[in-house]
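Contents: one structure, followed by commentary.
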Amino acid sequence: MTGPELQLQTETDWRSAWQEFPYWLIAIIGFLVLVAILIFVNPEYRQAFDFIVPGIALTARITFFGFAIAMVIGLMAGLGRVSRNTIIRNTAITYIEFIRGVPTLVLILTVSFTVVPAASNLFGFENSSVPPEARGIISLAIIYGAFMAEIFRAGIESIPSGQMEAARSLGMTYTQAMWRIILPQAVRNVSPALGNDFIAMLKDSSLLSVLAIREITQRSRLYAGSTFRFDEAYLVLTFLYLSMTIGLSLLLRWYERRLGKDGR
Amino acid sequence: MTDREDIIVVESLHKYFGDVQAVKNVNFTIRRGEVVVIVGPSGSGKSTVLRCLNHLEVPTHGAVYIDGVHLEDKKTNINAVRAEVGMVFQQFNLFNHLSVIDNVMIAQRLVRKRSKEEARSIAMQQLERVGIPEKADAYPRQLSGGQQQRVAIARSLAMEPKIMLFDEPTSALDPEMIKEVLDVMLDLAKAGMTMVVVTHEMGFGRSAADRVIFMDDGQIIEIAPPDQLYANPQHARTKLFLSKILKH
Ligand SMILES: Nc1ncnc2c1ncn2[C@@H]1O[C@H](COP(=O)(O)OP(=O)(O)OP(=O)(O)O)[C@@H](O)[C@H]1O
Ligand SMILES: [Mg+2]
Chain A
30 MTGPELQLQT ETDWRSAWQE FPYWLIAIIG FLVLVAILIF VNPEYRQAFD
80 FIVPGIALTA RITFFGFAIA MVIGLMAGLG RVSRNTIIRN TAITYIEFIR
130 GVPTLVLILT VSFTVVPAAS NLFGFENSSV PPEARGIISL AIIYGAFMAE
180 IFRAGIESIP SGQMEAARSL GMTYTQAMWR IILPQAVRNV SPALGNDFIA
230 MLKDSSLLSV LAIREITQRS RLYAGSTFRF DEAYLVLTFL YLSMTIGLSL
280 LLRWYERRLG KDGR
Chain B
81 MTDREDIIVV ESLHKYFGDV QAVKNVNFTI RRGEVVVIVG PSGSGKSTVL
131 RCLNHLEVPT HGAVYIDGVH LEDKKTNINA VRAEVGMVFQ QFNLFNHLSV
181 IDNVMIAQRL VRKRSKEEAR SIAMQQLERV GIPEKADAYP RQLSGGQQQR
231 VAIARSLAME PKIMLFDEPT SALDPEMIKE VLDVMLDLAK AGMTMVVVTH
281 EMGFGRSAAD RVIFMDDGQI IEIAPPDQLY ANPQHARTKL FLSKILKH
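From first to last, the protein sequence lines are chains A and B.
According to my numbering, the first sequence is numbered sequentially starting from 30.
According to my numbering, the second sequence is numbered sequentially starting from 81.
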């Protein structure tokens, strides 16, 4: 390589490094640090923080269990979606389209106050014995199951048909080929999308405050309602969600880069 | 209905894809240990016929018998038949998430229900047979095309099939890798494997094939021993086709 070309190369590298620098991250971290300082030095913020933070355990629990159940529902519905059996496929599509056509908040109310009581009746236990937390988790799982079904479907369809043909031509059953050959590759391909849904679900767990579940959003509302310190309550709440989602999305970016490096 | 020596029997096979008739009334019989090469222009139905032999394609009419078992019979356990019929694809189709050894082991474990130890030892034998035991722990993406295709052959052989089907096994390979794959196939033919091979490699056809089938437009035009079909074809369409592939 000749001199001038080399120089040009470094110059563009330098400029693109300058342009690609993640200023947005600095701005967001700046905001988080600012609120953290406020919480540290200002007793009123401190008080709001101390009141809201115990709700994190509940927020985390709802998100984890909701996500785990949504994965199972999503996988089943996703497999149903690609099934060649007309009844199974249409059942899956009905579920997916139904959920996608109704707002999340409305679904939470419907599942909690209509579906769960009906199911309790059907299985013969007391409706009032189902705690609001469980209703919330079930609602989120049913809602996200539909979105994750579409992710799994896309993942399965992204695997070249030759993989299924090779597996079947060795004598594997459809189920064996699906679970041992197709799904491991599909899940790996869609793991970033699943991660995004985990973050989305963490945010949507705030909607469960309508069920009076005392996760962090509900706690902030209670705090604001009783003290009239709205700034403190909602800035602290924003701070908590943003730290969790930014942390998770940075983790996800790192994982995606690693995935990309490994090749596929 | 068939001689025990006739391991593959195809009777009036027809296959439609929508309005397209890919295969028109194809009949042939292949004897145990025979090596048959199929040639023909693109779209002539070679792959479709081959894929009917292990029921990857379901014929619209007609019957395929593998070792006396009628594939289109509802009561036939197709997975059991497929375990006896290996298939090698143009695009290799190795399982990308599994190491080479796991590629060769997985169907032995799931379909043949072999123990881990047994499956591993058979897998190693087959990898030695195709000449790449040292790649056992590599992943498909780390291998050249020729190496991947040899692993694919080992994967099929590990099932100890009675029949091996090859669909243009060297067409996706760089020229310098074609020989390593053909050599493995030649050894297999010498060892007495029943083989049906779609390939335009005349060298392989000449030295390994007992018969060559020429297909055009979904039909069998001519079946003859290789020296006769390649050197002295009886039909104008065969001549035309051969003159085209000989040009390059
Ligand atoms: N899955 C399919 N759906 C629709 N049409 C198909 C399908 N598979 C094959 N065909 C059509 O059937 C005909 C025969 O195809 P086939 O793949 O058997 O030919 P081939 O001889 O193997 O050709 P090539 O040398 O290109 O591989 C072609 O017209 C092809 O377009
Ligand atoms: Mg073909």
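Where a beta carbon is used, it is the ideal one built from N, C-alpha and C, also for glycine.
Keep in mind that this is a model prediction, so the values were computed, not measured.
TODO: Return yes when the C-beta of residue 119 (chain B) is under 7 Å from any heavy atom of ligand 1, and no when it is not.
DONE: Relative to ligand 1, even the nearest heavy atom lies 7 Å or more away from the CB of residue 119 (chain B).
Task: 8 Å Cβ cutoff met for residue 285 (chain B) and residue 113 (chain B) - done: No, they are not a contact pair.
Task: Straight-line Cα distance separating residue 151 (chain B) from residue 89 (chain B) - done: Our two residues, residue 89 (chain B) and residue 151 (chain B), have alpha carbons roughly 11 Å apart in a direct line.
Task: heavy atom of ligand 1 below 7 Å from residue 106 (chain B) C-beta - done: No, the Cβ of residue 106 (chain B) stays beyond 7 Å of every heavy atom of ligand 1.
Task: Start-to-end residues for the alpha helix (DSSP H) that takes in residue 98 (chain A) - done: Note, residue 98 (chain A): alpha helix (DSSP H), 85-110.
Open item on the list: Quick check on residue 52 (chain A): buried or exposed, where buried means 16 or more other Cβ atoms within 10 Å of its Cβ?
Closed with: Exposure of residue 52 (chain A) is indicated by the presence of fewer than 16 other C-beta atoms within 10 angstroms of its C-beta.
Open item on the list: Assuming residue 185 (chain B) is part of the alpha helix (DSSP H), what are its boundary residues?
Closed with: Residue range 180-190 is occupied by the alpha helix (DSSP H) that includes residue 185 (chain B).
Open item on the list: I'd like to know whether the C-beta of residue 116 (chain A) is nearer than 8 Å to at least one C-beta of chain B.
Closed with: False, the Cβ-Cβ gap to chain B never drops below 8 Å.
- [ ] Quick one: which residues of the stretch 169-190 of chain B get their C-beta closer than 7 Å to a C-beta of chain A? List them in chain order.
- [x] Taking 7 Å as the Cβ-Cβ cut-off against chain A, the residues of the stretch 169-190 of chain B that qualify are 169, 171, 173, 175, 176, 177, 186, 187 and 190.
- [ ] With 8 Å as the threshold, decide whether the Cβ of residue 134 (chain B) is near any Cβ in chain A.
- [x] Judged by the 8 Å Cβ criterion, residue 134 (chain B) is in contact with chain A.
TODO: Go ahead and label residue 160 (chain B) buried or exposed: buried means 16 or more other beta carbons lie within 10 angstroms of its beta carbon, across all protein chains shown.
DONE: An exposed status is given to residue 160 (chain B), since fewer than 16 other beta-carbon atoms sit within 10 Å of its beta-carbon.
- [ ] Check whether the Cβ of residue 194 (chain A) sits closer than 7 Å to any heavy atom of ligand 2, and report yes or no.
- [x] At a cut-off of 7 Å, the beta-carbon of residue 194 (chain A) does not count as near ligand 2: no heavy atom of the ligand is closer than that.
TODO: Just the chain A side, please: which residues come within less than 8 Å of residue 230 (chain B) by C-beta, in chain order?
DONE: One finds nothing in chain A with a Cβ atom closer than 8 Å to the Cβ of residue 230 (chain B); even the nearest lies about 15 Å away.
Task: Closer than 7 Å: residue 187 (chain A) CB and nearest ligand 2 heavy atom - done: The beta carbon of residue 187 (chain A) sits no closer than 7 Å to any heavy atom of ligand 2.
Task: Interface partners of residue 162 (chain B) on chain A, CB under 8 Å - done: Simply 197, 198, 199 and 200.
Open item on the list: Using beta carbons (cut-off 8 Å, strictly below), is residue 239 (chain B) in contact with chain A?
Closed with: Using beta-carbon distances, residue 239 (chain B) counts as an interface residue toward chain A, with a partner under 8 Å.
Task: chain A within 8 Å of residue 167 (chain B), Cβ atoms only - done: For residue 167 (chain B), the answer is yes, since a Cβ of chain A falls inside 8 Å of its Cβ.
- [ ] Give me the Cα-Cα distance between residue 223 (chain B) and residue 198 (chain B), rounded to the nearest whole angstrom.
- [x] Their backbone Cα atoms lie some 25 Å apart in a straight line.
Task: Rounded straight-line distance, which links the Cα of residue 278 (chain B) to that of residue 322 (chain B) - done: The alpha-carbon atoms of residue 322 (chain B) and residue 278 (chain B) are separated by roughly 15 Å.
- [ ] Any chance you could list the alpha helix (DSSP H) runs of at least 4 consecutive residues sitting entirely within the stretch 211-261 of chain B, in chain order?
- [x] With a minimum length of 4 residues, the continuous alpha helix (DSSP H) runs that stay inside the stretch 211-261 of chain B are 225-237.
Task: heavy atom of ligand 2 below 7 Å from residue 126 (chain B) C-beta - done: For residue 126 (chain B), the shortest separation between its Cβ and any heavy atom of ligand 2 lies below 7 Å.
- [ ] Return yes when the Cβ of residue 273 (chain A) is within less than 8 Å of the Cβ of residue 237 (chain A), no when it is not.
- [x] Contact: no.
Open item on the list: My assumption, with CB atoms under 8 Å, is that residue 178 (chain B) sits in contact with residue 139 (chain B). Please give the rounded CB distance.
Closed with: With 8 Å as the limit, residue 178 (chain B) and residue 139 (chain B) do not qualify as a contact, their Cβ atoms being about 32 Å apart.
Task: residue 143 (chain B) beta carbon less than 8 Å from that of residue 91 (chain B) - done: Yes, these two residues count as a Cβ contact at 8 Å.
Task: Separation of residue 104 (chain A) from residue 318 (chain B), as counted between CA atoms - done: CA-to-CA, the gap between residue 318 (chain B) and residue 104 (chain A) works out to about 51 Å.
TODO: List the residues of chain A that residue 107 (chain B) touches, going by C-beta distances under 8 Å, in chain order.
DONE: Listed along chain A, no residue sits closer than 8 Å to residue 107 (chain B) by beta-carbon distance, the nearest being about 23 Å off.
TODO: With a 10 Å radius around its C-beta and 16 neighbouring C-beta atoms as the bar for buried, classify residue 284 (chain A) as buried or exposed.
DONE: The residue in question, residue 284 (chain A), is exposed, as its Cβ has fewer than 16 Cβ neighbours within 10 Å.
Task: As assigned by DSSP and simplified to three states, the class of residue 207 (chain A) - done: Under the three-state reduction of DSSP, residue 207 (chain A) is assigned to helix.
Open item on the list: Less than 8 Å between the C-beta atoms of residue 173 (chain B) and residue 232 (chain B), yes or no?
Closed with: Going by C-beta atoms, residue 173 (chain B) is nearer than 8 Å to residue 232 (chain B).
- [ ] Check each residue of the stretch 211-223 of chain A: if its Cβ is closer than 9 Å to any Cβ of chain B, include it; give the result in chain order.
- [x] Taken in chain order, the members of the stretch 211-223 of chain A whose beta-carbon sits within less than 9 Å of a beta-carbon on chain B are 213, 214 and 217.
- [ ] Below 8 Å CB to CB, which residues in the same chain sit around residue 138 (chain A) once its five sequence neighbours on both sides are set aside?
- [x] Within the same chain, residue 138 (chain A) has close Cβ partners 239.
Open item on the list: Taking the alpha-carbon of residue 255 (chain B) as reference, which of B:281, B:243 and B:295 has the nearest alpha-carbon?
Closed with: For residue 255 (chain B), the closest C-alpha among the options B:281, B:243 and B:295 is that of B:281.
Open item on the list: Please state the DSSP three-state secondary structure of residue 97 (chain B).
Closed with: Residue 97 (chain B) falls in the strand class under three-state DSSP.
Task: residue 170 (chain A) vs residue 99 (chain A) beta-carbon contact at 8 Å - done: With contacts defined by Cβ atoms closer than 8 Å, residue 170 (chain A) and residue 99 (chain A) form a contacting pair.
Open item on the list: What would DSSP say about residue 204 (chain B), mapped onto helix, strand or coil?
Closed with: Reduced to three states, the DSSP call for residue 204 (chain B) is helix.
Task: Whether residue 214 (chain A) touches residue 190 (chain B) by CB criterion (8 Å) - done: Remark: C-beta atoms of residue 214 (chain A) and residue 190 (chain B) do not approach each other more closely than 8 Å.
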